[in-house]
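**Q** This is the structure I have questions about; it appears just below.
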Amino acid sequence: IIPACRLDLLDGPSLLAYPTDTQAYGRLSTLLTKGNLRAEKGSCHLYKADVFEHAAGMKFIALPPAVLNERFEFDISFIRAMKEYKEALGTNLYISAIRSYQGDDFKKLYRLSQLSSKYNIPLVATGDVHYHIPERRQLQDIVTCIREKCTIYTAGYRLHENAERYLKPQQEMIRLFRQYPDAILHTTEIAESCRFSLDSLKYVYPEEITSEGRTPQEELTHLAWEGAREHFGDNIPEKISQAILHELSFIEEMNYASYFLTVYDIVRFARQQGILCQGRGSAANSTVCYCLGITAVNPTKIDLLFERFISSARNEPPDIDVDFEHERREEVIQYIYEKYGRDRAAIVATVTQQRQKGAIRDVGKAMGLSVDTISRLSGAVWEFTDEPDGETLAEQGFDPRDPHLQKMLELTRQFIGFPRQLGQHTGGFVITKGALSNLCPILNARMENRTCIEWNKDDIDVLGFLKIDVLALGMLTCIRKAFDLAKAHHGRYLTLASVPEDDKKVYEMIGHADTIGVFQIESRAQQSMLPRLKPKKFYDLVIEVAIVRPGPIQGDMVHPYLRRRNGEEKPDYPSPELEEILKRTLGVPLFQEQAMKIAMVAAGFSAAEADELRRSMATFKAPGQVTRFREKLVNGMVAKGYDAEFALRVFKQLEGFGSYGFPESHAASFALLVYISSWLKCHYPDVFACALLNSLPMGFYQPAQIVTDARKHGVDVRPVDVNLSFWDNILEEKEGDYCPLRLGFRHIKGLSQEDVQSLIACRHTGYTTIHALREAGVTLITLEKLADADAFRSMGLDRRKALWEVSALHDRPIGIFTGQPSESAAEAPVQLPEMSVSEHVVHDYSTTSLSLKAHPVSFVREKLQLLHILSAKELEGAGNGVAVKIAGLVLVRQRPGTAKGVCFITIEDETGCSNLVVFQEQFTRYRKEILQARLLMVEGTLQREGEVVHVIVTRCYDLSKLLRQLLPSKAAGMAMQPPSKTEEIAATLFSEARNFK
């Protein structure tokens, strides 16, 4: 494979550029960087002068125009450009010869040969390849239509004429250019001169992170022992000392000191700025990382396995992930840019791929389908691995035999998995000692003040480049805001290290699955596991975080662990050495470190071989390797006296979770945040709810559910108000145990922070009239949004009266009529009809996505009772195995890949939430109701296991129409609305209550 690039110049014919050596590749990469940074992402602006400046060591092939002029000659501008190219590029310039079967191939080749002879520019045979086989021509046409934003019917000359632009075999190319054999010889000439290979690129770590003249290794050693003394005092435990010595020796051998120092410097900066951060992943297996303050997991509490973090067998740099507050991570990113410069630091790219829904939308548009048709097709798909079958298509009103539809679906299948776009990695940074542009091209990101490289994570991993993951974690933002609120309103100073440990009340709350909003354990699966696991100490949370994962589930580890934890069966330890490894998890391997230790202790693997075993479990990354390790593991265990059946069972467990299992250190890092967020929710629910709402979007739940949960915990939640609210949610003066929570303007849809700046700045002692707000500079559109959100209650105005007064401001006299009474002011006062509570709730949900007045389902409860439908509270009192009916607004639908087609749904009514389980057969039968219903009613059987209650669904019904009857009353008030609201309300009437979601 020869690395090369096509250069489309702004002032000359395009060129194919082939670097012949490493230096030439660096110049090509620098050239592309220059063009990229001149333009927005997706464009590269290059000129002839740029190419000539960076041309040394490269071979160039000039691409002629696609057509000849009316005299069957090339345009004079192309001939002049070839002359200029020849003068600048000399013997490194060639001209491309293509056989495209357009009818004038022989004329073009003849004219090219004349041009070649006149200017001594050799011809070279090329294929203008766009696809590898002719059968892909149709997909190429679709991709062209997607790129050009047109349909297959309107694409015209933007499509190629035939299917000849495929990768032709050597003999076919020789046949096509038999009249110009030198063109074939020149391809060999170029290939033989290009000796550059990407694996020859050498990455060099940055080194300006040392002090007092130390080498990077000396600096790391100094900081590691200094940190160890801070953590453990002068008497450092022997286990810790030995671990530090072992790790420092390995780091020196692999020359990784600069990498550790770079991460340390970034974490140090964040802590100086008061930004919460914490390392996670396998880096927590490193004692050195703990001593440097990169990770927060105490190595004395976790049985470390350093080789899980770094292994000589992997021959790749370590990968340290650090989470920062998601709202302040940009400060850290800009610090990296400023410290190292944009020529040496950039974010890694990520290549997103086409999935089912996106592919349906893109191909459907290109095939000329209507927007409604495309929406129905994509709506019939659950996940990207799921393809609409004939029955599903018929349900949506399509004819499965329609040739147009069949062709569209065929092309969609081919399109799935294609690269969709080059995006930004979530935070992976590459930092180099020299110019990064010598290694790979740099481009502007869409986001302001961001630059990225063109390569993705897998590319730089293969080439051994340093990557530091500067990640964003919303819960760190929430915790930091909660700490600030606790200090300001409760006088409690808290840090990650000072939160009291082993609080029984906290574990009791977790055991009852009262974890809405809590980090990591708020999902449906986690809440189902918590009452079974009943965590009582920190390590239980480590297990909880790790056990609800695809790996342990696929490896059949969950139920054996629960049975042993509940005393239903005894732990099985085939040998004392395995008991030492597995005793904390009751004989069941739950962590990757345990899998590696079993291989090392019971089968004689080295640490490097054990890490290879872990990596080989992901068969898509290392195909064919699992069988080899199976034989080695089983034979090794049998040789050490273990039963063959037991050895096979162990391998099956390890194979079951492989790379989908958690490192114990990663689970411990997350468990720390689980406990801290749970502690805040347990003891300061007002603080936690306020911080959580101010940190959204994050987690599983919408503001409505978070507010409902806070009220259940005794927090007084108060509505948005022009005189009392700020942009963020705030806590008001303490009343009783907790402070009232005042909702902020951020919850009002369509309102930006800039919209309310003047309102807050000029509020002083408060507003008494809407006219005063207008005089303060608040725009009419903002006033309309505030009125529609019912934010004028402190003035004695409900939303209807407020909207009426805002509409009157439209008639305010201006210019020479200023000061004269308006026509509306002269009118007699109008007695407006009172809005019902249900109307207010509809408006609340449409403007703020929540309501403190009532729940939408409460207004249809009477009709639901006539159908013998239970509420969520009534469901709690029903017995195991009884037939029940339950209905509610759909909050969450989940269909995990490990669930074998089972769909998990959470619905909500005015009394609480209910959990539904829909098996594959029922999901297929009631797909439409499940995917489209806003108000879902189901029939099924109640299944109770301790505190865990599910409804096993047998039938589903879409009762969204019951909600629609709340909406028509809204039309009655349409005449009262300002003109700008009419279209919005009309749209709401026909939206099938989408705002309730």
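For the sequence shown, our numbering begins at 403 and goes up steadily by one.
For glycine and all other residues, C-beta sits at the position ideal for the given N, C-alpha and C.
It should be emphasised that the depicted structure is a prediction, and the values quoted were computed from it without experimental measurement.
1) For residue 1252, I'd like the list of residues in its chain whose CB is within less than 6 Å of its CB, leaving aside the five on either flank, ordered along the chain.
2) Which residues does DSSP pair with residue 1404 in a beta bridge?
3) The alpha helix (DSSP H) with residue 1097 in it runs from where to where?
4) Does residue 561 come out as helix, strand or coil in the three-state DSSP assignment?
5) Would you mind sorting residue 567 into buried or exposed? The rule is 16 or more other CB atoms within 10 Å of its CB.
6) If I follow the unbroken alpha helix (DSSP H) through residue 539, where does it start and stop?
7) Quick check on this structure: which residue in 848, 878, 828 has the alpha carbon closest to the alpha carbon of residue 859?
8) Residue 420 and residue 586: beta carbons closer than 9 Å?
9) Could you name the residues that DSSP lists as bridge partners for residue 823?
10) Give the DSSP-derived three-state secondary structure of residue 700 in the structure shown.
11) Note down, in chain order, each residue of its chain lying with its Cβ closer than 6 Å to the Cβ of residue 999, except the 5 sequence neighbours on either side.
12) Is residue 1250 closer than 9 Å to residue 1122 when the C-beta atoms are compared?
13) Can you give me the Cβ contacts of residue 541 inside the same chain, cut-off strictly under 8 Å, excluding the 5 residues immediately before and after it?
14) How many angstroms separate the CA atom of residue 409 from the CA atom of residue 672?
15) Taking residue 924 as the reference, give the member of 531, 1036, 507, 1111 with the closest Cα.
16) Compare the beta carbon distance of residue 496 and residue 463 with 9 Å and say whether it is the shorter of the two.
17) DSSP beta-bridge partners for residue 1310?
18) Look at residue 1288 and residue 1296 and say whether their C-beta atoms are less than 9 Å apart.
19) Ignore the nearest five residues each way along the sequence and tell me which others in residue 1305's own chain have a CB closer than 6 Å to its CB.
20) Which residue's Cα is closest to the Cα of residue 501: 838, 513, 529, 515?
21) Which runs of the beta strand (DSSP E), 3 residues or longer, sit entirely within the region 807 to 868?
22) For residue 668 and residue 898, which I take to be in contact (beta-carbon distance under 8 Å), what is that distance rounded to the nearest angstrom?
23) Have a look at 965, 831, 441, 878 and flag the residue whose alpha-carbon is nearest the alpha-carbon of residue 857.
24) Determine the closest residue to residue 1156 out of 1179, 691, 800, with distance taken between C-alpha atoms.
25) Is residue 1201 buried or exposed, if buried means 16 or more other CB atoms sit within 10 Å of its CB?
26) Does the distance from the CB of residue 595 to the CB of residue 461 come in under 9 Å?
27) Please confirm whether residue 851 and residue 438 have their CB atoms less than 9 Å apart.
28) Could you tell me the alpha carbon to alpha carbon distance between residue 1099 and residue 985, rounded to whole angstroms?
29) Beta carbon of residue 1004, beta carbon of residue 1038: below 9 Å?
30) I'd like to know if the region 860 to 872 and the region 760 to 776 are in contact, where contact means that at least 3 CB-CB pairs between them fall below 8 Å.
31) Under 9 Å between C-beta atoms, does residue 1291 make it to chain D?
32) To the nearest angstrom, how far is the alpha carbon of residue 1273 from that of residue 1279?
33) Please state whether DSSP places residue 477 in a helix, a strand or coil.
34) Within 10 Å of its beta-carbon, does residue 758 have 16 or more other beta-carbons around it, so buried, or fewer, so exposed?
35) Go ahead and label residue 666 buried or exposed: buried means 16 or more other beta carbons lie within 10 angstroms of its beta carbon, across all protein chains shown.
36) For residue 543, count the other beta carbons within 10 Å of its own beta carbon; 16 or more makes it buried, fewer makes it exposed. Which is it?
**A** On the basis of the coordinates in this document:
1) 1105, 1106, 1109
2) Lying before the first or after the last residue shown, residue 1404 is absent from the chain, which here runs from 403 to 1399.
3) 1087 to 1097
4) coil
5) buried
6) 539 to 550
7) 828
8) no
9) 754
10) coil
11) 983
12) yes
13) 533, 813, 816, 817
14) 41 Å
15) 1111
16) yes
17) 1291, 1315
18) no
19) 1297, 1320, 1325
20) 529
21) 821 to 833, 844 to 846, 853 to 858
22) Wrong, their Cβ atoms sit about 18 Å apart, outside the cutoff.
23) 831
24) 1179
25) buried
26) yes
27) no
28) 40 Å
29) yes
30) no
31) This model lacks chain D altogether, as it is built from one protein chain only.
32) 10 Å
33) coil
34) buried
35) buried
36) buried
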